[in-house]
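Asks: Numbers in the working numbering are just positions in the sequence shown, counted from 1, shifted up by 15.
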Amino acid sequence: HRVAVTRRLHEFKMEPGTTVAAHLDRLDELVVAMEAVGEQ
Numbered sequence: 016h017r018v019a020v021t022r023r024l025h026e027f028k029m030e031p032g033t034t035v036a037a038h039l040d041r042l043d044e045l046v047v048a049m050e051a052v053g054e055q
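1) So what's GLU30 in DSSP terms, helix, strand or just coil?
2) Pull up the CB-CB distance for VAL18 and MET49, whole angstroms please, since I reckon it's below 8 angstroms.
3) Does the distance from the CB of LEU45 to the CB of ARG23 come in under 7 angstroms?
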């Protein structure tokens, strides 16, 4: 699972038409997922 989360981080980008707030929400979800697998 750690590899999948790390891959999501490396591929993370703002999608066209997305608000900054929605983008930051997705980033926060990714950070929580990384914390869950022990990445720091």
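For every residue, glycine included, the Cβ atom is placed at its ideal position computed from N, Cα and C.
Replies: In brief:
1) Within the sequence shown, residue 30 is the residue found at index 15, counting from 1. If DSSP states are grouped into helix, strand and coil, GLU30 belongs with coil.
2) Counting from 1 along the sequence shown, the entry for residue 18 is found at position 3. Counting from 1 along the sequence shown, the entry for residue 49 is found at position 34. Contact doesn't hold; Cβ gap of about 12 angstroms is too wide.
3) Reading the sequence shown from its first residue, position 30 is the one you call residue 45. Reading the sequence shown from its first residue, position 8 is the one you call residue 23. Yes.
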